[in-house]
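These protein sequence lines map, in sequence, to chains A and B.
Quick note: the first sequence uses our numbering, first residue 338, plus one each step.
Quick note: the second sequence uses our numbering, first residue 177, plus one each step.
The beta carbon of each residue, even a glycine, is placed where N, CA and C say it ideally should be.
If you're wondering where the values come from, they're calculated on a predicted model, not measured in any experiment.
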Amino acid sequence: IIGGSSAPADTIPWQVLVNVNGRGGGMVIADRWIMTAAHVLTRYGDPPPTSSVQIHMGRTDIQTLPTPLSVASIHIHPGYNNSDGLNYNNDIALIKLQEVVTFRASIMPLCLPPQDAAYHTGTMGMVSGFGITDEGNKRILTNMLKYVHIPVVDQQVCSQTFAKMKQQGNNLIPHLTDNMFCAGVPEGKKDSCQGDSGSAYAIEENSQFWAAGIVSWGVECGKKGKYGVYTKVANYVDWVQKTMQEN
Amino acid sequence: CWLLPRSKPLMYGEVQSPEYPQPYPPNLEQRWDLSVPDGYQIQLTFTHMDIEASASCYYDFLTVLYGERVLGRFCGNENSADGHHPGDQPILSPGNRLTLIFKTDNSNPERQNNVGFSAYYQAIDIDECSAATPGDSSGPLCDQICLNTLGSFLCTCHHGYKLHSDQRTCTLSCVGGVFNEAEGTLFSPGYPVSPPHAISCQYIISLQPGFIVSLNFSDNFQIESVDTEQGPVCLYHWLQVTVPDRDPMKLCGTTSPGVIVTNSNTVTLDYHTDDDGLSRGWSLEYSTHRVRCPLPGSIAKGRVTPILAAYFYRDYIYVRCDQGYKLMMDGEEIESFSTMCQSNGHWHLPLPECHIIDCGKPESLLNGKVDFLSGSDNQYHSVVQYSCNEPFYAPLGHENVNYTCDADRKWRSDNNIHVLPTCLPVCGRPTRSLSSTSYQR
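Structure (structure tokens):
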């Protein structure tokens with residue numbers, strides 16, 4: 338998280354640390370289910386064996402993590418195919434835990450988007466994670482859970498931003514689809530970053546947070562005029578519920 | 177001529193004039209000899225009679241005879257002015273035989289219209305005990321007791337006598353009489369007339385256990401007693417009343433003992449007289465009643481049925497507990513209870529107790545808890561409340577649910593549901609707010 342703050346205990350109780358040969362994030366959505374980005378699990382190709390996925394939750398300091406929770410199954414969205422590294426469409430996955438988690442102050446699910454979920458430009462959301470953060474001018478990998486509040490960015494503005502990058506000769510930029518939305522500030526310095534992937538971009542509404550987005554991708558972190566791209570969870574509520582019911 | 181086997185007399189039959197219902201022929205003399213079994217008499221009833229009417233039934237007539245005795249001579253019809261019609265009244269023969277003779281002359285001016293007669297007969301049992309035997313003036317049929325039977329009668333004797341071989345007279349014999357009816361009458365031989373001297377009779381009243389015999393002597397009581405310095409004693413004549421496990425009681429004198437409640441189901445009466453003296457004897461009516469059991473009392477949180485003023489042998493009582501209570505006996509729960517008053521005057525089972533039921537420990541609720549609101553030990557009418565572990569779980573329906581221990585030993589909600597509530601996870605509401613940790617703007 339760039340430009341954020343350390344999260345005190347129990348303030349982001351849905352935060353999950355997903356470790357598959359590298360740090361990623363996730364969010365608790367039910368007592369046996371974690372939602373994350375598909376690319377967190379398929380970073381090195383096919384989905385990893387469940388035994389190699391480490392799940393931690395309920396802590397804000399990675400140095401005090403307890404025994405990881407066992408994974409029962411992994412469910413990558415069937416539409417996710419990022420073989421060229423530039424296609425983050427349908428970047429969403431579910432992890433089923435072997436054991437039920439009992440919720441408490443430090444572990445609580447994040448709500449799925451309401452039926453009338455709207456992503457209005459300027460709506461503030463909160464993104465969190467254990468990813469790269471900034472310390473002065475340096476980028477460091479923090480062990481503390483960080484968060485930052487950033488607004489939803491107009492989809493057209495965001496799209497133009499990436500189009501401009503392509504015009505400047507940077508062709509290796511992923512495609513922005515309707516299953517994604519952007520969040521951030523034009524002046525930069527507030528953003529999610531590597532290691533935050535899979536974590537939640539949560540919007541608070543009526544004192545209740547819901548999962549608006551999943552940290553997916555971006556070009557650099559916290560740079561001026563560049564925004565982070567998030568999987569638009571509202572587009573996947575049916576798939577999420579169906580997957581949980583069938584499994 | 178062949179000797180025909182003697183046929184068994186009929187119990188009923190029909191007699192009609194020749195060619196009935198066609199007119200009868202002239203110059204006729206026909207005879208019917210009817211008979212029924214011994215001990216019965218014949219009742220003859222005419223269904224129709226139409227014989228030439230004449231004064232004194234001179235020309236054509238039907239004569240009904242019992243032996244030589246004419247029971248009736250009939251002619252005419254229901255409407256004729258002359259003649260003698262039997263009407264609707266049946267003719268009853270004194271014995272088991274009856275003869276009918278139908279005679280017609282050779283001149284019959286209205287021949288075409290006289291069809292004769294039709295009658296039926298049936299055997300009627302003779303009550304030999306109440307009717308004097310025909311032609312017998314030798315006195316009663318039986319010495320003491322006469323019992324009518326179909327077609328016959330039986331003689332029997334009072335206790336103390338036995339039937340002589342002639343099957344009619346009774347001779348003194350009064351040992352070994354056993355009475356096992358619930359009530360009856362006993363009296364000394366010949367009572368109230370003085371019996372022969374030197375008799376020794378025994379009467380045993382014996383009923384099954386559970387019944388108590390009471391003796392009720394009539395006022396007319398006279399057994400010779402002997403006056404001594406110590407008062408009258410039953411020295412030569414006595415009636416001894418013996419009840420098991422108790423001293424025998426000798427009775428004599430002229431004062432009736434009245435009612436004696438023996439408290440026993442078996443009583444032996446021994447009546448003794450010697451060669452001298454005068455005892456007219458005694459009579460008594462005995463009755464029985466059932467042994468009484470003590471009142472069962474009441475039961476806390478239960479009731480005994482039926483409620484009676486007194487309970488006797490073979491009476492049953494039942495115990496039911498109030499709603500929410502269970503029957504307990506010797507520390508064990510029983511499904512139902514009944515007990516019977518025994519022949520010894522005791523209930524065959526002691527009364528049980530009614531203990532309050534319990535519903536057992538209420539089932540635990542996943543991600544919730546259960547608290548007692550009232551009552552204790554999970555007993556009937558205890559109330560518990562299920563609640564979810566808030567703020568992380570909330571009840572489906574958003575309200576905590578109270579469950580009450582019901583009479584069927586199940587915890588039930590106010591909506592009569594005994595399924596546990598469900599605690600649903602609460603999402604997106606951290607207990608600690610980020611905004612509360614920083615006031616910078």
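At the C-beta level, Gly559 of chain A and Lys526 of chain A come within 8 Å of one another. Under the Cβ distance rule, Ile338 of chain A does not count among the residues neighbouring chain B, no pair being separated by less than 8 Å. DSSP, reduced to helix, strand and coil, places Ser553 of chain A within a strand of the structure shown.
The C-alpha of Val464 of chain A is placed about 26 Å away from the C-alpha of Ser407 of chain A.
Residues of the region 588–612 of chain B with a C-beta atom less than 8 Å from some C-beta of chain A are Pro601, Val602, Cys603, Gly604, Arg605, Pro606, Thr607, Arg608, Ser609 and Leu610, listed in chain order.
Against Tyr569 of chain B, the close residues of chain A are Phe440, in the order they occur along the chain (beta-carbon pairs closer than 8 Å). Scanning the region 487–574 of chain B from its first residue to its last, the whole beta strand (DSSP E) runs of 3-plus residues come out as 492–497, 501–505, 508–510, 514–516, 529–532, 544–550, 559–564 and 569–571. Going by DSSP, Phe387 of chain B is part of the beta strand (DSSP E) stretching over Phe387 to Phe393.
In the three-state scheme derived from DSSP, where H, G and I count as helix and E and B as strand, Ala454 of chain A is classed as coil. Shown here for Ala358 of chain B: same chain residues with a beta carbon closer than 8 Å to its own, the five before and five after excluded, namely Leu383, Phe387, Ser463 and Thr464 in chain order. Listed along chain B are Arg605, each with a C-beta nearer than 7 Å to that of Ser544 of chain A. From the listed residues B:Cys318, B:Tyr216, B:Tyr412 and B:Ala476, the smallest Cα separation to Cys428 of chain B is found for B:Tyr412.
For Gln582 of chain A, there is no enclosing beta strand (DSSP E); the enclosing alpha helix (DSSP H) has its first and last residue at Val574 to Glu583. By DSSP's assignment, Ser294 of chain B forms a beta bridge with B:Gln192 and B:His224.
Note on geometry: alpha-carbon atoms of Glu400 of chain B and Pro371 of chain B lie some 13 Å from one another. Listed along chain B are Pro601, each with a C-beta nearer than 7 Å to that of Asp368 of chain A. For Ser230 of chain B, the three-state secondary structure derived from DSSP is coil.
A direct Cα-to-Cα measurement between Ile551 of chain A and Asn578 of chain B gives close to 41 Å.
Restricting attention to beta strand (DSSP E) runs no shorter than 3 residues, the region 365–420 of chain B encloses them at 376–382, 387–393, 402–404, 407–409 and 414–418, ordered along the chain. Of all residues in the region 543–561 of chain B, only Asn543 come within less than 8 Å of chain A when Cβ atoms are compared, listed by chain position. Around the beta-carbon of Thr404 of chain A, fewer than 16 other beta-carbon atoms lie within 10 Å, marking it exposed. Inter-segment contact for the region 317–330 of chain B and the region 252–268 of chain B is absent: fewer than three beta-carbon pairs are separated by less than 8 Å. Residue pairing by DSSP places Ile432 of chain A opposite A:Ile371 and A:Ile411 in a beta bridge. Leaving aside the five residues that flank Asp395 of chain B on each side, the residues in its chain whose CB is nearer than 6 Å to its CB run, in chain order, Ser432. Within the DSSP secondary-structure output, Thr280 of chain B pairs in a beta bridge with B:Leu204.
Distance from the Cα of Asn427 of chain A is smallest, within the candidate group A:Met372, A:Gln435, A:Glu472 and A:Phe440, for A:Met372. Three or more Cβ pairs drawn from the region 437–456 of chain A and the region 561–573 of chain A lie within less than 8 Å of each other, which places the two stretches in contact.
Per DSSP, reduced to three states, the secondary structure at His261 of chain B is coil, with no helix or strand assignment. The beta carbons of Ile411 of chain A and Val390 of chain A sit closer together than 8 Å.
Closer than 8 Å to the CB of Pro446 of chain A there is at least one CB belonging to chain B.
Thr348 of chain A has a beta carbon lying within less than 8 Å of a beta carbon in chain B. By the CB criterion at 8 Å, Cys305 of chain B and Phe329 of chain B fall inside the cutoff. Short of 8 Å from the beta carbon of Cys233 of chain B, and not among the five residues preceding or following it, lie these beta carbons of its own chain, in chain order: Ile227, Arg249, Phe250, Cys251, Gly252, Gly259 and His260. Apart from the 5 residues on each side of it in sequence, Gly468 of chain A sits with its Cβ closer than 6 Å to the Cβ of Cys530, Gln531, Gly532 and Asp533 in its chain, given in chain order. Of B:Ser390, B:Asp281, B:Leu220 and B:Pro368, the smallest CA-CA separation from Tyr296 of chain B is found for B:Leu220.
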